[in-house]
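These notes are about the structure you will find just below.
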Amino acid sequence: MYECRKVIQSPIFLGLFLLFSVYNIYLIVSSSDHKEELKIVNELIDTYGRDISDTSLAQLDQDIQKEMTQLKRSAGLEFQSVHELLENMSLEEQEAYSQEQWNQIQQLAVKEMYFNTARSIDESYAEIDIQATGEGEVRMYGLSGSAAFYLLQEYEKLDKRFEELVKNGEQKQWFFAGKAYFMHSFLFQTVFRHIIIESLLLIVLATALITAYEFEQKTQLLIFSTKRGRKLMKDKFSASIAIALFTMIFLLGITLGTFFIVFDYSHVWSTSISSAFNWEYNFPYIAWWDISVGTFLWLAAGIVLAGGLLISCLTFALATVVKNSYIAFAGISLFFVAVLLLPSFMSKSSILFFITGYNLSQLLLGISNSFMGGGLTGSRNYEWLTVSCWTLIAAGICFVAYRRFTKTDIG
Amino acid sequence: MRMIWNEMKKILTWRMLTFLLLVNAVLYFLLISFDIEYFPNGRPALDGYRLGIEMIEEYGVQMDEEEMLDFRRQFESRKEEANEYLQAHPEFAEAGIDDYEELVTSVWDNEERQNLHSQIMHEQQIDLFWELQERSRLIDFHDTKEMIGFEPNTLQQTRFDELLNEGKYQAYPEVVIQNFKEFIVNVGITILFSVVLLISPFILKDRTRRLLDLQYTSKIGRSLYKTKLIAGILSAGLVITVLLAFYFSLYAQNGTSPYFGLGVNAFIANLTWYDPTFLQYIWLCILAIYVIGLIFTMLAMSVSSVVPNFVTLIGIQIPLIFVMLLMGFNILLSHIISVQSPQWLVPGLYGLLGIVSVGLLIYLMRRENFRDISE
Amino acid sequence: MLVVKEVSKQYGDFTALRDIQLEFETGLYGLLAPNGAGKTTLIKMLATLLYPTKGEVLYNGNNIIDMDSCYRELLGYLPQHFGYYKNYSPKQYLLYLSALKGISKKEALPKIIELLDKVALGDVMNKKMKKFSGGMVQRVGIAQALLNDPKILILDEPTAGLDPKERARFRNLLTDLARSRLVIVSTHIVSDIESIANEIIMIKNQQILYKDSVETICGTLDGAVFETSMEFEQLESFRQNYVLLSEKQEYGKMIVRFIHKETPLVDWLPVQPQLEDVFLYEYRDETNGTGQ
């Protein structure tokens, strides 16, 4: 397709793409100090199965005790837990161990940490009071009126889902300890946000380039008077969409490829995303559906693709109207930030406070909380409603822009 | 002069100014408004802010040992007031809390005490208790004033000792300077975006519209390029000035002027290579924003002089802005004189950036003189 | 007055002009060549936009590049394509350019009004140029070239976009101007300059082919231009053997104008050679290259 070539042959587009890819790889590799420790989870799953049951826990406990006895013997020390041992250990004592021994101690400490967390799942989940959290949110954001009512209702629904989740035992599956490694945030917040912002920059540039190309190269008179005429804009639209799709697929591919080469997720793909180990801050991640880590990844990638394509459509519409790539780029960037801020201008007693949150910017930047309950964008329908509403909006805008273009004078 | 003004009129068009207004509105709400609307941001920030002013009024901008003693005495007498309060409310005695010390040391022992504590602090928000908490923090800090909060290298240690010997130790609450640092970085970012958006298309536009043929055959000829560069710098300077004036008039609402005379090293956790007063520090940051803004103006004009189209114009500048957002502002503005980076680094970076941007322009100016105008 | 001395211009391996030697005095010169022959290159060198790879251009003995603004002060130039600001009115635009030309606003204003009247744009002088037709923009271009009352006026394809009436008026304007200054008009439209140019310069194979008056140039084809009529069917074979200049239909027959330098046939009608004939004859083998 000739229109795509205009982008692919532009050195700046390729240059930026490469630069972003290299930066993402650097970002992942430079935060991978703990990648070896993560493998312990794989080991646990191999040995004890994915689901945490009383029997498998007892088995784990036994094995830990066994190793600990060995350790006690070799160290000639008495201690209750490895944690205690490490806590009281001086630097000199540490240096007395051989590298191998030291690794063993470390490994054991990590296992112990997993064991302790697993053992206390029931206890910590019993402490979670979803309703109270909802009330806390209402207070924190200073909500009142229909907004407060709405949020509390959402939390009520979440409470039911939470009970169901606990009953299903979705939380009792091994995953990388959230409070220690923050793998969910790292992947779906840090890494995904980088991918999203980088793809959006590339997509907006490419779309603006393709759409405004003829006007900037001053070939508009020639091109739009050919047989294809103004229908060429349709080709330009398809080309923009294609470029956007490829950009995102490649960027996602390169970045996530690196990520999963560096971090071994092979054993946790089917672990539920609502695992109790996926608990990083005050609140565990509670998905509305029983979805696995693997599924969540696909869904997140799906949101990125949908969001990117929609932004490409909006850019196309704007560039068709203004016929200038600079204004189109700046305009879309401005728009992206403006809708991000939109909810904060709404009254905190009005349901508009939430409705305006159903926008692309919030959806894309809050991707790590997609499909999760809790928070301001935690409604069960948030993701698909946002995507479908904006698809309608983008389609409408594109249609109007195209119609207008077919009737506008080209000078 | 008239020619410079003509070129400036081409940059500062109504359309562009309206656009800048929008950009600034959005960036203001995204970045800056928080540092102004939420200052001091809740508690104990508010108490730190109030206490700092009180300290400056009573002890001036530097506290000697005697004044510190007085500060401790005041702490004790305020503690008495707190004790009286606690004794006047029987529920504390019931929970086994007789005095202030008891309240703060045993608060996490059981839920009842926790509730009482949060009652005073969060629900009733009694100033006295917040103030005491802040005072006690400052005293703790003073007691450990010979320790640095991070692992220092030799140079940092030397600087630290030097200040300590001069009796300039860190004693005042840091809310104000922290707030200012966040504010100024956000203002810096907003201004950076504004000038880059303003200046970038300017030179490219004349080229792609084929205006050079006419411009360069007129009497002024190719030196018009220089005029354009000057016009660009002046326009950027003008916009920076207006925006700074606007944002600082908002900053004035924060009411930080009582702190202006304080040396920046007197704030807690703010060790710096030099010791200007807070006001001087503000001026320094303003200067830094001008320099950053003008460096990026010059870079934008350089890029604008060589790229073939708008997309490349934006594309080349994206990495520059990225680097600036990721680390540039942190090093060049937030920690402009902080001991966090080596003493030579920040001036070195400014120098380097300055030389590169000016050098590029000089090169392009020369090139413009001998270039065939044939596009 | 203006001397082009052994000037060559190369773009990398491509030679645009080779060893050009020209002298200009007061009067009107027509620079005539097909597109891509190097006309615009030569013009741009005279306008200091391009630098010669070899040789120099002298004005009263001084290198024009060394003269710098002193030379450009004397120069009026209308490029083949030129830019303008869509949101400026002609008046604003000319004011902007007069500032660049070093004319004070006080001096410039009456001059601008006078010039815009001269090119029949007086009525729209405060309208934004966004809505202007190609011919109107071109006339603004002509006006700007005259702003500084130039001693040297260089016009590159000045009649592009002008209608026949405007063209005629423009020719009168040129004759007028050429009385007291050097005017160089580059064009590939022969009729624009045929009647008014004191001398015609033709470029071929990167070199000067002719620099002479219209009569002299036409004289080179004296006795070699003929017209004859024939049936349409005969035309094809005739084309193979002779250099055709033009063909037209009249009363069901073809009238053909052509060149033949040897003994003519009897029924051929010898005609007076025109500049156009020379043009067509000299450039008969050249395929139109892409213009600059």
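Residue numbers (our numbering), protein chains in the order written: chain A, 1 to 411; chain B, 1001 to 1375; chain C, 2001 to 2292. The C-beta atom is built at its ideal place from N, Cα and C for all residues, glycine as well.
### Task
Can you tell me which of the three DSSP states B:G1359 falls into?
Here B:G1359 carries a helix assignment [DSSP, helix/strand/coil].
### Message
Please confirm whether A:N324 has its beta-carbon closer than 9 Å to some beta-carbon of chain B.
### Response
Yes - at least one Cβ of chain B is within 9 Å of the one on A:N324.
### Query
Any C-beta of chain B sitting closer than 9 Å to the C-beta of C:D2068?
It does: the Cβ of C:D2068 has a partner Cβ on chain B nearer than 9 Å.
#### Entry: Test: B:I1314 CB closer than 9 Å to a CB of chain A
True, the Cβ-Cβ gap to chain A drops below 9 Å.
### Task
Assign B:V1289 to one of two classes, buried (16 or more other C-beta atoms within 10 Å of its C-beta) or exposed (fewer than that).
Note that residue 1289 of chain B corresponds to Ile in the displayed sequence, not to Val. By the beta-carbon neighbour count (other beta carbons within 10 angstroms, threshold 16), B:I1289 is buried.
### Query
Nearest-angstrom Cα distance between A:M248 and A:L305?
Linking A:M248 to A:L305 through their CA atoms gives a straight-line distance of about 7 Å.
### Message
Quick check on the burial criterion: 16 or more other C-beta atoms within 10 angstroms. Buried or exposed for C:Y2011?
### Response
It is exposed - the Cβ of C:Y2011 has fewer than 16 other Cβ atoms within 10 Å.
### Cutoff 9 Å: C:E2233 Cβ touching any chain B Cβ
False, the Cβ-Cβ gap to chain B never drops below 9 Å.
### Task
Compare the C-beta of B:T1272 with all C-beta atoms of chain C and state if any pair is closer than 9 Å.
Answer no: the Cβ-Cβ gap between B:T1272 and chain C never drops below 9 Å.
### Message
Across the segment 1267 to 1277 of chain B and the segment 1210 to 1225 of chain B, are there enough close Cβ pairs to call them in contact, namely three or more that are closer than 8 Å?
### Response
Too few Cβ pairs lie closer than 8 Å, so no.
### Query
Which ranges would you report for the alpha helix (DSSP H) in the segment 323 to 347 of chain A if only whole runs of at least 4 residues count?
DSSP runs (the alpha helix (DSSP H)) wholly in the segment 323 to 347 of chain A: 325 to 341.
### Top-ranked residue by Cα proximity to C:I2200, from C:V2004, C:G2027, C:F2014 and C:G2223
C:I2200 has its Cα closest to that of C:G2027, out of C:V2004, C:G2027, C:F2014 and C:G2223.
#### Entry: Run of the beta strand (DSSP E) containing C:Q2249, from where it starts to where it stops
DSSP places C:Q2249 in the uninterrupted beta strand (DSSP E) bounded by V2243 to E2250.
### The alpha helix (DSSP H) enclosing B:Q1156, as first and last residue numbers
Start and end: T1154 to N1165.
#### Entry: Buried versus exposed call for C:S2133 [16 or more other C-beta atoms within 10 Å across all chains shown]
For C:S2133, the number of other beta carbons within 10 angstroms of its own is below 16, and it is reported as exposed.
### Query
Of all Cβ atoms in chain B, is any one closer than 9 Å to the Cβ of A:P11?
At least one chain B Cβ lies under 9 Å of A:P11.
### Query
Is B:M1063 helix, strand or coil when you go by DSSP?
B:M1063: coil per DSSP, three-state reduction.
### Reference A:F149; option with closest CA among A:F335, A:K348 and A:K66
Considering only alpha carbons, the answer is A:K348.
### Query
Just how far apart, CA to CA, sit C:F2258 and C:R2239?
Here the C-alpha atom of C:F2258 lies approximately 9 Å from the C-alpha atom of C:R2239.
### A:T377, DSSP secondary structure in three states
For A:T377, the three-state secondary structure derived from DSSP is coil.
### Task
Express the C-alpha separation of B:A1231 and C:G2036 in angstroms, rounding to a whole number.
It is roughly 37 Å from the alpha-carbon of C:G2036 to the alpha-carbon of B:A1231.
### Amino acids of chain B, ordered along the chain, whose beta-carbon sits closer than 7 Å to that of C:T2175
Residues of chain B whose Cβ lies closer than 7 Å to the Cβ of C:T2175 do not exist, since the nearest Cβ in that chain is about 24 Å away.
### Any chain B beta carbon closer than 9 Å to C:A2099
It does: the Cβ of C:A2099 has a partner Cβ on chain B nearer than 9 Å.
### Query
What do you get for A:A132, buried or exposed, if any count of 16 or more other CB atoms within 10 angstroms of its CB means buried?
When all chains shown are included, A:A132 counts as exposed.
### Message
So, with DSSP's three-state summary, where would you put C:M2045?
### Response
Helix.
### Query
Could one say the Cβ of B:S1341 lies closer than 9 Å to chain A's Cβ atoms, at least one of them?
Nearest CB-CB separation between B:S1341 and chain A: not below the 9 Å threshold.
### Task
Could you tell me which residues DSSP puts in a beta bridge with C:V2003?
Bridge partners of C:V2003: C:E2023 and C:L2058.
### Task
Please work out which residues of its chain come closer than 8 Å, Cβ to Cβ, to C:R2181, disregarding the five sequence neighbours upstream and downstream, and give them in chain order.
Here the set comprises T2026, P2150, K2151, I2152 and L2153.
### Task
Please list the partners that A:E216 has in chain B, where partner means a Cβ-to-Cβ separation under 9 Å.
Correct list: T1208, N1309, F1310 and V1311.
### Task
Below 8 Å between beta carbons is the criterion; list the residues of the segment 1021 to 1035 of chain B that meet it against any residue of chain A, in chain order.
Those would be L1022, V1023, V1026, L1027, F1029 and L1030, in chain order.
### Query
Quick one, are the C-beta atoms of B:F1310 and A:S325 less than 9 Å apart?
A contact, by the Cβ cut-off of 9 Å.
### Message
For B:V1356 and B:G1293, I'd like the C-alpha separation in whole angstroms.
### Response
If you draw a straight line from the Cα of B:V1356 to the Cα of B:G1293, it is about 14 Å long.
### Where the beta strand (DSSP E) containing C:G2076 begins and where it ends
Segment L2075 to L2078, the beta strand (DSSP E) holding C:G2076.
### Task
Measure how close the beta-carbons of A:A287 and A:Q171 come, nearest whole angstrom, since I'm counting them as under 8 Å.
A:A287 to A:Q171, Cβ: 11 Å. No contact.
### Task
Please state whether DSSP places B:E1091 in a helix, a strand or coil.
Correct three-state label for B:E1091: helix.
### Task
Determine, using beta carbons only, whether A:Q104 and A:E67 come nearer to each other than 9 Å.
A contact, by the Cβ cut-off of 9 Å.
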